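For reference, the structure is listed below as structure tokens.
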Ligand code: ADP
Ligand code: G6P
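Okay, structure coming up:
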């Protein structure tokens with residue numbers, strides 16, 4: 274059983290006002306959905322995206338949907354408030370100021386309790402329950418109190434911050450204790466596990482190493498398990514004849530430029546969209562990049578739209594895209610093609626195959642699965658990946674063109690370097706990155722996490738994870 278704030282389907286409103294079910298945004302769903310659908314029967318406990326009573330949902334690809342209802346004030350105070358205006362900015366190096374409100378904490382506790390009860394009700398005796406991400410940090414402890422028979426895992430998809438930042442949280446002890454209700458607490462990077470161990474000692478006075486923490490009469494294991502994607506699925510898409518044709522068509526529609534540059538992000542201030550636009554604009558201004566030769570496509574799907582920092586970001590990005598197009602575009606030749614629509618997987622695969630340079634420049638990111646999807650889609654071993662040092666993925670791909678997105682001159686230089694790289698260099702880099710990804714795909718992630726969760730090996734065997 275997976276317990277995550279979001280179900281893999283999201284209740285969005287169609288243009289005619291009707292309810293429409295779509296795949297949920299973000300990396301958590303991209304990682305877990307393909308995994309679960311291969312290992313049914315499985316249950317996913319989560320929120321369906323709307324407000325009001327829980328809708329009855331049919332199974333999705335064989336996975337049972339167990340909906341947790343959220344009312345309007347739950348969404349405002351738990352999801353938009355404590356999760357996305359307190360924890361999200363704090364855990365991402367406080368690149369935006371975290372906001373603290375006592376009523377948000379009350380909602381966070383209430384909603385975590387609701388998720389724990391929903392999981393307790395739906396779990397078979399002795400089941401394995403895998404709790405996900407920063408929205409639900411109290412669930413492992415709450416769930417253990419109701420159902421001590423369960424084996425409970427917790428995985429944090431986002432960065433886990435150093436003590437200097439985490440210590441800001443008014444309810445830091447409760448958050449740590451909640452996570453320690455799990456048998457295994459997993460993070461993306463070893464540094465995050467180290468931060469957690471240090472905090473367990475500093476805040477709770479527990480004996481902790483980077484692998485184990487003693488809590489009462491239990492030992493909680495901790496460790497790094499870098500999340501990944503279903504490489505085979507993306508490869509299969511990227512080799513489909515209609516996708517190959519579509520990729521060629523995209524380039525034609527863009528005017529057959531010498532270079533196509535692509536970015537695909539949720540509209541989030543952690544993604545470094547503004548830094549990227551600034552670097553590109555300066556390269557246009559100095560003539561290092563010319564609109565006719567080079568085309569930039571920025572896909573930025575709106576996210577968390579009622580949170581103020583996200584509204585401000587969207588306005589700033591749209592103003593900047595407008596300014597750049599006004600200043601450097603020509604009739605029929607915009608400098609930046611800016612798209613805010615969600616695309617299906619085949620269209621994303623076509624975009625990845627069409628592009629010469631994929632620019633992934635977050636200021637901080639737990640992993641960044643877009644970077645991995647791009648590598649997976651490049652079955653032709655071509656294309657360049659410009660990748661921020663501050664994305665978890667950077668640790669796995671030293672062959673990418675690594676950048677510090679805060680360093681504008683460095684960003685411009687590295688982008689030019691990627692634009693001018695010779696094909697043999699790009700092929701060597703991409704081949705190495707693809708080999709790394711093939712060995713460390715989503716199956717490998719699940720295998721290593723679940724083996725650590727159940728050291729007997731029975732679980733991995735039962736789930737037939739290959
Ligand atoms: P995050 O989880 O912070 O959003 P990731 O890069 O890890 O960042 O994951 C983003 C996921 O969302 C990827 O699987 C990507 O393909 C998907 N995605 C991003 N933009 C779109 C879009 N416009 N349409 C469909 N999927 C998208
Ligand atoms: C990140 C988080 C996920 C979240 C996703 C999309 O990947 O780690 O937990 O689901 O972003 O964000 P949203 O707020 O739309 O769920």
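Numbering (my numbering), first residue to last: 274 to 739.
Even for Gly, the Cβ is constructed at its ideal location relative to N, Cα and C.
Computed from a predicted model, the values in this text were never measured in an experiment.
Do residue j and residue i count as a contact pair if the criterion is CB distance below 8 Å?
i, j, result
"residue 633", "residue 619", "no"
"residue 608", "residue 564", "yes"
"residue 539", "residue 576", "yes"
"residue 666", "residue 641", "yes"
"residue 320", "residue 343", "yes"
"residue 674", "residue 684", "no"
"residue 276", "residue 388", "yes"
"residue 393", "residue 416", "yes"
"residue 350", "residue 380", "yes"
"residue 528", "residue 600", "no"
"residue 688", "residue 535", "no"
"residue 700", "residue 655", "yes"
"residue 715", "residue 314", "no"
"residue 485", "residue 725", "no"
"residue 512", "residue 372", "no"
"residue 456", "residue 426", "yes"
"residue 629", "residue 649", "no"
"residue 623", "residue 519", "yes"
"residue 364", "residue 431", "yes"
"residue 582", "residue 369", "yes"
"residue 533", "residue 710", "no"
"residue 274", "residue 402", "yes"
"residue 663", "residue 696", "no"
"residue 487", "residue 479", "yes"
"residue 461", "residue 435", "no"
"residue 580", "residue 418", "no"
Within 10 angstroms of the Cβ of residue i, are there 16 or more other Cβ atoms? Answer buried if so, exposed if not.
i, result
"residue 492", "exposed"
"residue 322", "buried"
"residue 463", "exposed"
"residue 468", "buried"
"residue 712", "exposed"
"residue 681", "exposed"
"residue 578", "exposed"
"residue 405", "buried"
"residue 284", "buried"
"residue 585", "exposed"
"residue 525", "exposed"
"residue 727", "buried"
"residue 543", "buried"
"residue 516", "buried"
"residue 329", "exposed"
"residue 421", "exposed"
Say yes only if the C-beta of residue i is nearer than 7 Å to one or more non-hydrogen atoms of ligand 1, and no if none qualify.
i, result
"residue 614", "yes"
"residue 621", "yes"
"residue 646", "yes"
"residue 519", "no"
"residue 515", "no"
"residue 631", "no"
Based on Cα-Cα distance, which residue from the options lies nearest to residue i?
i, options, result
"residue 367", "433, 343, 699", "433"
"residue 547", "566, 528, 587, 394", "587"
"residue 593", "623, 568, 551, 574", "551"
"residue 637", "412, 545, 651", "545"
"residue 384", "477, 569, 345", "345"
"residue 338", "391, 364, 386, 361", "391"
"residue 571", "613, 531, 561, 582", "613"
"residue 451", "465, 693, 477", "477"
"residue 531", "438, 447, 568", "568"
"residue 347", "376, 506, 500, 334", "376"
"residue 443", "360, 581, 482, 335", "360"
"residue 558", "332, 693, 597, 303", "597"
"residue 611", "591, 602, 621, 604", "591"
"residue 414", "449, 441, 400", "449"
"residue 447", "423, 458, 723, 473", "473"
Report whether the distance from the Cβ of residue i to the nearest heavy atom of ligand 2 is below 7 Å.
i, result
"residue 314", "no"
"residue 301", "yes"
"residue 279", "yes"
"residue 690", "no"
"residue 530", "no"
"residue 576", "yes"
"residue 568", "no"
"residue 406", "yes"
"residue 637", "no"
"residue 430", "yes"
"residue 641", "no"
Fully enclosed by the stretch 634-693, which beta strand (DSSP E) runs are 3 residues long or longer?
-> 657-661, 674-676
Pick out the complete beta strand (DSSP E) segments inside the stretch 541-618, 3 residues or longer, and give them in chain order.
-> 567-574, 609-612
Beta strand (DSSP E) segments (min. 3 residues) lying fully within the stretch 449-473 | 457-460
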